[in-house]
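The structure appears right after this line, and notes come after that.
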Amino acid sequence: MLARIPANLGTAGAAAGLALMCLYAALRIDQCREALLRCRWQLAYPIVALVSIAWAVQPLVTGRAAVQMAVTAFAGLLLSQAVRPRAVLAGLFCAFAGYTVISFLVGHTRPDGVTGAPALFGLGGEAKNYFADSAATGALLAVAMLAASLERRAFGWAAGLAGIAVVCILATEQARSAGAVASLALSGALLVLLLALRMRSLAFKARAAAVLVAGLCLGAVFFEQLLEIVQQLSSKDAGLTGRGYLWYRAQFIIAERPWLGTGYFGFWTPTNPDAVGLWRHFDIRQEGTAFSFHNSYIQTIVETGYLGLAVLVGTWLAGTLALLRRFVLTRSLPTCFWLAYLTMELSKSPVEPIRPAALVAPTVMLFAALGFGWFPAVRAPESA
Numbered sequence: 001m002l003a004r005i006p007a008n009l010g011t012a013g014a015a016a017g018l019a020l021m022c023l024y025a026a027l028r029i030d031q032c033r034e035a036l037l038r039c040r041w042q043l044a045y046p047i048v049a050l051v052s053i054a055w056a057v058q059p060l061v062t063g064r065a066a067v068q069m070a071v072t073a074f075a076g077l078l079l080s081q082a083v084r085p086r087a088v089l090a091g092l093f094c095a096f097a098g099y100t101v102i103s104f105l106v107g108h109t110r111p112d113g114v115t116g117a118p119a120l121f122g123l124g125g126e127a128k129n130y131f132a133d134s135a136a137t138g139a140l141l142a143v144a145m146l147a148a149s150l151e152r153r154a155f156g157w158a159a160g161l162a163g164i165a166v167v168c169i170l171a172t173e174q175a176r177s178a179g180a181v182a183s184l185a186l187s188g189a190l191l192v193l194l195l196a197l198r199m200r201s202l203a204f205k206a207r208a209a210a211v212l213v214a215g216l217c218l219g220a221v222f223f224e225q226l227l228e229i230v231q232q233l234s235s236k237d238a239g240l241t242g243r244g245y246l247w248y249r250a251q252f253i254i255a256e257r258p259w260l261g262t263g264y265f266g267f268w269t270p271t272n273p274d275a276v277g278l279w280r281h282f283d284i285r286q287e288g289t290a291f292s293f294h295n296s297y298i299q300t301i302v303e304t305g306y307l308g309l310a311v312l313v314g315t316w317l318a319g320t321l322a323l324l325r326r327f328v329l330t331r332s333l334p335t336c337f338w339l340a341y342l343t344m345e346l347s348k349s350p351v352e353p354i355r356p357a358a359l360v361a362p363t364v365m366l367f368a369a370l371g372f373g374w375f376p377a378v379r380a381p382e383s384a
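Numbering (UniProt numbering), first residue to last: 1 to 384.
Listed below in structure tokens is the structure:
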């Protein structure tokens, strides 16, 4: 449950998530040690965030957010090193898919800010993109659990899981988030492909991994063209949410502190005139809202400079390569899921703030995915 932090409950939800993280760590002391040893490189960006207190414009704000983010990240790493990876997936499935199905049945809707169509916001209080991410995660988990059921020839369970997957996909679409739908389509197709290939020979999977890396690199090169196609299919304007203006203003903000930034989480605060000006420009009166530059890399440079960006991208690359290595060496179903999940999140990173954040579910999941590449690999049919 700690992975699906109830954002709709605000401070109470964050406190509940934090309490569950601490409880899980207290019950898994040996697992804490293994996470620190195996996944130490994934702690690099949380360390940068903590060190940024030294030069932060708002040291108290940065300190509080950095500590909370570091705890959230470590919770994800703990999940990545659990002794029974499939049991972790089962628990995550219950949390994410369960919440999504309930939201689909009795959740709240309100007009989408772009098209005016009713958009599903979950059980209330969270942003639609946040809910769409949860619903898409539930869909991927349902597909993974469906594959596990078919593997055990539990066809009754498989039929039920197929229905849950469909509900999660419909919920993602009803959230009216074009990015979430596109990334789910990409990652879902990848998950099915990886599951189909996981029993093949090492040499075959190595070639498949190389082709996958080449395809992802091409996708990154032609991202703008692909984004235009997604926007046309979803009938959304290219200037959606004012990204163009935000990115333009970010150039001047970055120029003031290019290498170290304002300090982690140090820009979007009510005491920052630049942040207040942007809120006013977009007619946002709820100062302190979870607004962003709608770009993971720009947001990272603003807060922790080019130093932070280099560390963040480096850890992402290391985690991705470790997962690909594990896919080649093992027949692991969880590895297939975490590769697909990582693809879903990183494919949205140029247009959404997919980065380490404090006490939010995607950060727990992101670090669980990045850390799982260092879970011990066994070259044999396995449950891990």
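Note that CB positions come from ideal geometry on N, CA and C, so glycine has one too.
Integer Cβ distance of residue i from residue j, believed to fall under 8 Å
i, j, result
"ALA97", "CYS168", "6 Å"
"ALA148", "LEU333", "6 Å"
"GLN81", "ALA35", "5 Å"
"THR330", "ALA377", "5 Å"
"THR172", "ALA132", "5 Å"
"LEU18", "VAL71", "7 Å"
"PHE93", "LEU141", "4 Å"
"MET344", "GLY76", "With 8 Å as the limit, MET344 and GLY76 do not qualify as a contact, their Cβ atoms being about 15 Å apart."
"GLY122", "LYS348", "Contact flag wrong, Cβ pair sits at about 18 Å."
"PHE337", "LEU89", "6 Å"
Cβ-Cβ distance between residue i and residue j below 8 Å
i, j, result
"ALA73", "THR363", "yes"
"THR335", "LEU323", "yes"
"PHE267", "VAL302", "yes"
"GLY263", "THR62", "yes"
"PHE293", "LEU246", "yes"
"PHE282", "GLY242", "yes"
"VAL328", "LEU190", "no"
"THR304", "LEU370", "no"
"VAL143", "ALA165", "yes"
"residue 387", "ALA158", "There is no way to answer for residue 387, as the model of the chain reaches only from 1 to 384."
"ASN295", "VAL351", "yes"
"GLN58", "THR269", "yes"
Outcome for residue i when other beta-carbon atoms lying within 10 angstroms are tallied against a minimum of 16
i, result
"VAL101", "buried"
"CYS39", "buried"
"THR271", "exposed"
"PHE222", "exposed"
"LEU194", "buried"
"ARG152", "exposed"
"GLY124", "exposed"
"ILE29", "exposed"
"GLU126", "buried"
"ARG198", "buried"
"VAL360", "buried"
"PRO381", "The predicted position of PRO381 is uncertain, since its pLDDT is 46 and thus under 50; a value taken from the coordinates is nonetheless stated next. Looking at its Cβ environment, which holds fewer than 16 other Cβ atoms inside 10 Å, PRO381 is exposed."
Backbone CA spacing between residue i and residue j [nearest angstrom]
i, j, result
"PRO273", "ASP112", "29 Å"
"ILE298", "CYS22", "32 Å"
"GLN251", "PRO258", "10 Å"
"ILE253", "GLY277", "12 Å"
"GLY146", "GLY244", "According to the sequence provided, residue 146 is Leu. The question's Gly does not apply to it. About 41 Å."
"HIS108", "GLY13", "18 Å"
"ALA255", "ARG249", "10 Å"
"ARG163", "ALA87", "Correcting the residue type first, residue 163 is Gly in the shown sequence and not Arg. Each residue's Cα considered, the two are about 21 Å apart."
"GLN174", "LEU78", "33 Å"
"ARG207", "LEU309", "30 Å"
"MET69", "GLY160", "36 Å"
"LEU317", "ARG176", "30 Å"
"ARG110", "ARG325", "44 Å"
"ALA209", "PHE155", "30 Å"
"LEU60", "PHE367", "25 Å"
"PRO85", "TYR341", "15 Å"
"ARG64", "TRP41", "22 Å"
"PHE265", "PHE291", "11 Å"
"LEU120", "LYS128", "7 Å"
"ALA275", "ALA56", "15 Å"
"GLU224", "ALA16", "39 Å"
"THR300", "VAL313", "10 Å"
"GLY188", "VAL106", "26 Å"
"GLY91", "ARG33", "22 Å"
"ALA25", "GLU228", "44 Å"
Neighbour flag for residue i against chain D, beta carbons, 8 Å
i, result
"THR137", "The structure shown contains no chain D; it holds only a single protein chain."
* the segment 38 to 54 contacting the segment 350 to 370, beta-carbon criterion three pairs below 8 Å -> yes
* Does the segment 136 to 145 come close enough to the segment 173 to 185 to have 3 or more Cβ pairs within less than 8 Å? -> yes
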